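>
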Amino acid sequence: MSTETTNKDILRGGQFLVKETKCEDIFTLEDLSEEQKMMRESTKEFVDRELWAHWERFEKKDYAFTEETMRKAGELGLLSVAVPESYGGMGMGFVSTMLVCDYISGASGSFSTAFGAHTGIGTMPITLYGTEDQKNKYVPRLASGEWFGAYCLTEPGAGSDANSGKTKAVLTEDGKYYNITGQKMWISNAGFCNVFIVFARIEDDKNITGFIVENDPSNGISMGEEEKKLGIHSSSTRQVFFNDTKVPVENMLSTRGNGFKIAMNALNVGRIKLAAACLEAQRRVITEATKYANERVQFKTPIINFGAIKAKIANMATNCYADESASYRAAKNIEDRIAIREAEGNSHQEAELKGVEEYAIECSILKVAVSEDVQSTTDEGIQIFGGMGFSADTPMESAWRDARIARIYEGTNEINRMLAVGMLVKKAMKGHVDLLGPAMKVADELMGIPSFDVPDYSELFSEEKDILARLKKVFLMVAGSAVQKFGPELENHQQLMLSASDILIEIYMAESAILRTEKNAKRFGEDHQATQIAMSKLYLYTAVDIVIQKGKEAIVSFAEGDEQRMMLMGLKRFTKYTNQPNVVALRTQIADKVAADNGYTFD
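Read left to right, the sequence shown gives residues 1 to 603 (UniProt numbering).
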């Protein structure tokens, strides 16, 4: 770990809202090391050769092909990136694990799901919570692809309410085994996995407990048929039934009753990795749509020349750029926090758990934003392809179907929206993020007379950064007033939390894009970053509109009379542009660059 990492004052999770982040302090894709760039290229080569060239096979429910390609990924070491070297892995840092997850996931949702379920929730709970014996026994085989893992949490009556599962674990009279009985559903990799991470309740414990269970059909384990799904057709998804399945007591994961915490921490990592897994899919869809638009001639001209198509291409590229910026910003924050904890004497396990947990708010933000952007990108991809996009003979149709699950698993987007705000409020109450002080300053500002001076906005992004600071005031105004009004009951007002969450999300995503571009403009020059500057400005413009809409929706729903009028005036003041951007010109500039490059080339 570098001295720079140790000494740098890294913002805690959620502090982006109340503390300024300098562009020099964020990590971008342009900061990748030579080793990371080589890893990215080798991953893309594997995907192009083994997955993209055979995308149709994934649509034909060829589960054997998914398993075969997973084994090939294992042979290349791609399943072991996040596994410590002492257990047969490559021991790469968090950013590198994000990088592989990103670039391996763009060709097929079926493979992406299998990869994520195995390397993340299938292997990671053992590496982070397992005993030395458990890690030595299972992790090397999982890291190499000799064995595959799956994760059994969801039940017919326990989806978002994960801790309400009915699966039971009963200690045998001799005290050597737990007999597990219950039903799990939507289990990815069930059809070819060797090891399950199973969550069950012991007696009437408040919280569930985790177990490592080997997949042995003779030990009371049976499965339903492969689920018929909208997308991810070749991802093996089955119900799994346990009937007095004997599990040695030494296969308990962590301690009794710690299963819910294991599940939640696994989901935190899963959320940011899911965001990463949606990035390359966006890049490939944008590139394929651009190629088609460059080649498709209507009314005697390629359709890329039409403004309606340019708008789509520009919006797709802009969202992808912001998504990349925010995902890798958060990944490096996590990596730095892990390094600091290790330097302080924490074990790798504890450091990684606490490092990811620290940025749980950002993980939820990313899960929501990027999963929704990949859906809109694939939808626009179909539209650009027209009738051919609706045909199963082109990959747009399958990309759209595969993208839909991303808004559901790793916690639905509705759950994650409420989590982001709920966790931020809890951090504030614990004193980890000072929301009260800044919120009171905003309240005082609302009572004061606004300045009518026109600031000097000649420096790059000076106005945009000023607007970002004011958007943060909108969140503090809305959330601060809501907390003051409802206190602990705020979580019962879900629609208000959803509105506040959308404001929070747009602030983080817009700021990440602007900081990335500002950093790169300083080192490469503004001319070199002209399109990225346009994308950052366009993203912020759209974000401001969303903040206005969601802010107004919240204010008129919980404030009345003078308070409402004052807050609506504040909303107008805080979201005001001095110099409105020319949105059509921005979109045209972005689309022309993507068209000239014949695809997305900003990563």
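The beta carbon of each residue, even a glycine, is placed where N, CA and C say it ideally should be. Since the model is a prediction, treat every value here as computed from it, not as a measurement.
Can you tell me which residues form a DSSP beta bridge with Gly525?
Stepping through the sequence shown from its first residue, residue 525 is reached at position 525. None; Gly525 has no bridge partner.
> Using the Cα positions of Gly599 and Met535, report the straight-line distance between them to the nearest angstrom.
What you label residue 599 is simply residue 599 of the sequence shown in a count that begins at 1. What you label residue 535 is simply residue 535 of the sequence shown in a count that begins at 1. One C-alpha to the other measures close to 15 Å.
> Please state the DSSP three-state secondary structure of Tyr457.
The count along the sequence shown starts at 1 and reaches residue 457 at position 457. Secondary structure at Tyr457: coil, using DSSP grouped into helix, strand and coil.
> So the candidates are Val584, His528, Leu142; which of them puts its Cα closest to the Cα of Arg71?
Residue mapping note: residue 71 aligns to position 71 of the sequence shown, counting from 1. When only C-alpha atoms are compared, the closest one is Leu142.
> Specify the secondary structure class of Tyr178 as computed by DSSP and reduced to three states.
Working through the sequence shown from its first residue, we reach residue 178 at position 178. Tyr178: strand per DSSP, three-state reduction.
> Mind checking who Glu155 pairs with in its DSSP beta bridge?
Position 155 of the sequence shown, counted from the start, is the residue given in the question as residue 155. Within the DSSP secondary-structure output, Glu155 pairs in a beta bridge with Ala158.
> Taking the DSSP output, what are the residues bridged to Ser188?
The count along the sequence shown starts at 1 and reaches residue 188 at position 188. Answer is Thr237, bridged to Ser188.
> Could you check where the beta strand (DSSP E) with Glu214 kicks off and where it finishes?
The count along the sequence shown starts at 1 and reaches residue 214 at position 214. Where Glu214 is concerned, the enclosing beta strand (DSSP E) stretches over 209 to 214.
> What first and last residue would you give for the beta strand (DSSP E) that runs through Ile202?
Working through the sequence shown from its first residue, we reach residue 202 at position 202. Note, Ile202: beta strand (DSSP E), 195 to 202.
> Taking 8 Å as the limit between beta carbons, can you name the residues of its chain near Thr5, skipping five residues before and five after?
Taking the first residue of the sequence shown as 1, we reach residue 5 at position 5. Caution is warranted here: a pLDDT of 44 is assigned to Thr5, below 50, making its placement in the model unreliable, and no coordinate value can be reported.
> Buried or exposed for Lys310, going by 16 or more other Cβ atoms inside 10 Å?
The residue labelled residue 310 in the question sits at position 310 within the sequence shown. Lys310 comes out buried.
> The beta strand (DSSP E) with Ile221 in it runs from where to where?
For the purposes of this step, residue 221 is taken as the residue at position 221 of the sequence shown. Ile221 -> beta strand (DSSP E) spans 221 to 223.
> Using the rule of at least 16 other Cβ atoms within 10 Å of the residue's Cβ for burial, across every protein chain shown, is Gly74 buried or exposed?
Position 74 of the sequence shown, counting from 1, holds the residue named residue 74. So Gly74 ends up on the buried side.
> Out of Gln549, Ile197, Val198, Ala399, which has the shortest C-alpha to C-alpha gap to Glu280?
Along the sequence shown, read from residue 1 onward, the residue named residue 280 stands at position 280. That would be Ala399, whose Cα lies nearest to the Cα of Glu280.
> Helix, strand or coil: which one does DSSP assign to Met252?
Within the sequence shown, numbered from 1, the residue matching residue 252 stands at position 252. Here Met252 sits in strand by DSSP.
> Determine the DSSP secondary structure at Thr588, reduced to helix, strand or coil.
Within the sequence shown, residue 588 is the residue found at index 588, counting from 1. If DSSP states are grouped into helix, strand and coil, Thr588 belongs with the helices.
> How many angstroms separate the CA atom of Lys426 from the CA atom of Asp434?
Here residue 426 refers to the residue found at position 426 when the sequence shown is read from its first residue. Here residue 434 refers to the residue found at position 434 when the sequence shown is read from its first residue. Rounded to the nearest angstrom, the two C-alpha atoms are 11 Å apart.
> Hey, how far is the Cα of Gln580 from the Cα of Phe452?
Walking along the sequence shown from the start, residue 580 turns up at place 580. Walking along the sequence shown from the start, residue 452 turns up at place 452. When rounded, the distance between both Cα atoms is 17 Å.
> Classify Gln529 as buried or exposed, calling it buried when 16 or more other Cβ atoms lie within 10 Å of its own Cβ.
The count along the sequence shown starts at 1 and reaches residue 529 at position 529. Under this definition Gln529 is a buried residue.
> Distance, Cα to Cα, Ala428 vs Arg12?
The residue given as residue 428 occupies position 428 in the sequence shown. The residue given as residue 12 occupies position 12 in the sequence shown. C-alpha separation (whole angstroms): 12 Å.
> Report the three-state DSSP secondary structure of Gly551 (helix, strand or coil).
Looking up residue 551 in the sequence shown gives position 551. Helix at Gly551.
> Check each candidate in Ala190, Asp204, Asn136 and name the one with the smallest Cα separation from Asn163.
The residue labelled residue 163 in the question sits at position 163 within the sequence shown. Checking every option, the nearest Cα to that of Asn163 belongs to Asp204.
> Inspect the beta-carbon positions of Val594 and Ile286 and report whether they are closer than 8 Å.
In the sequence shown, the residue the question calls residue 594 occupies position 594. In the sequence shown, the residue the question calls residue 286 occupies position 286. Cβ distance < 8 Å, so Val594 and Ile286 count as in contact.
> Under 8 Å between the Cβ atoms of Val421 and Thr575?
Here residue 421 refers to the residue found at position 421 when the sequence shown is read from its first residue. Here residue 575 refers to the residue found at position 575 when the sequence shown is read from its first residue. Contact flag unset, no.
> When the Cα atoms are used, what is the spatial distance from Asp323 to Thr394?
For this step, residue 323 is matched to residue 323 along the sequence shown. For this step, residue 394 is matched to residue 394 along the sequence shown. Computed Cα separation, rounded: 25 Å.
> Per DSSP, what kind of secondary structure is Lys37 in: helix, strand or coil?
On the sequence shown, residue 37 is found 37 positions in, with the first residue counted as 1. Helix, per DSSP.
> Considering only residues of the region 329 to 380, which uninterrupted alpha helix (DSSP H) runs meet the minimum length of 4 residues and lie entirely inside it, listed in chain order?
For the region 329 to 380, whole alpha helix (DSSP H) runs of length 4 or above, ordered along the chain, are 348 to 358.
> Take Asn243 as the anchor and find which of Asp545, Val213, Asn315 has the nearest alpha-carbon.
In the sequence shown, residue 243 corresponds to position 243, counting from 1. Its Cα nearest to that of Asn243, the residue Val213 stands out among Asp545, Val213, Asn315.
> If you reduce the DSSP assignment to three classes, tell me which class Phe242 lands in.
Here residue 242 refers to the residue found at position 242 of the sequence shown. The answer is strand: DSSP assigns Phe242 an E or B state.
> Using the C-alpha atoms, what's the distance from Arg417 back to Val18?
Indexing the sequence shown from 1 puts residue 18 at position 18. Indexing the sequence shown from 1 puts residue 417 at position 417. Cα-Cα distance, rounded: 19 Å.
> Indicate the three-state DSSP secondary structure (helix, strand or coil) for Pro581 in the structure shown.
Along the sequence shown, one-based indexing puts residue 581 at 581. Three-state result, Pro581: coil.
> Among all the DSSP beta bridges, which residues are the ones paired with Val474?
Along the sequence shown, one-based indexing puts residue 474 at 474. Answer by DSSP bridge pairing: none, since Val474 is not bridged.
> Straight-line CA distance for Ile365 to Leu504?
Working through the sequence shown from its first residue, we reach residue 365 at position 365. Working through the sequence shown from its first residue, we reach residue 504 at position 504. For Ile365 and Leu504, the gap between their C-alpha atoms comes out near 8 Å.
> Candidates Cys278, Glu553, Lys206: which alpha carbon is nearest Ser108's?
As a first step, residue 108 must be located in the sequence shown, where it is residue number 108. Of the candidates Cys278, Glu553, Lys206, the one whose C-alpha sits nearest the C-alpha of Ser108 is Cys278.
> What are the boundary residues of the alpha helix (DSSP H) that Pro117 is part of?
Residue 117 sits at position 117 when you count from the first residue of the sequence shown. Before going further, note that residue 117 is Ala rather than Pro in the sequence given. That residue, Ala117, is in no alpha helix (DSSP H); it is neither H nor E in DSSP.
> Please classify residue 605 as buried or exposed, where buried requires at least 16 other C-beta atoms within 10 Å of its C-beta.
Here the chain comprises residues numbered 1 to 603, so residue 605 is not present and cannot be evaluated.
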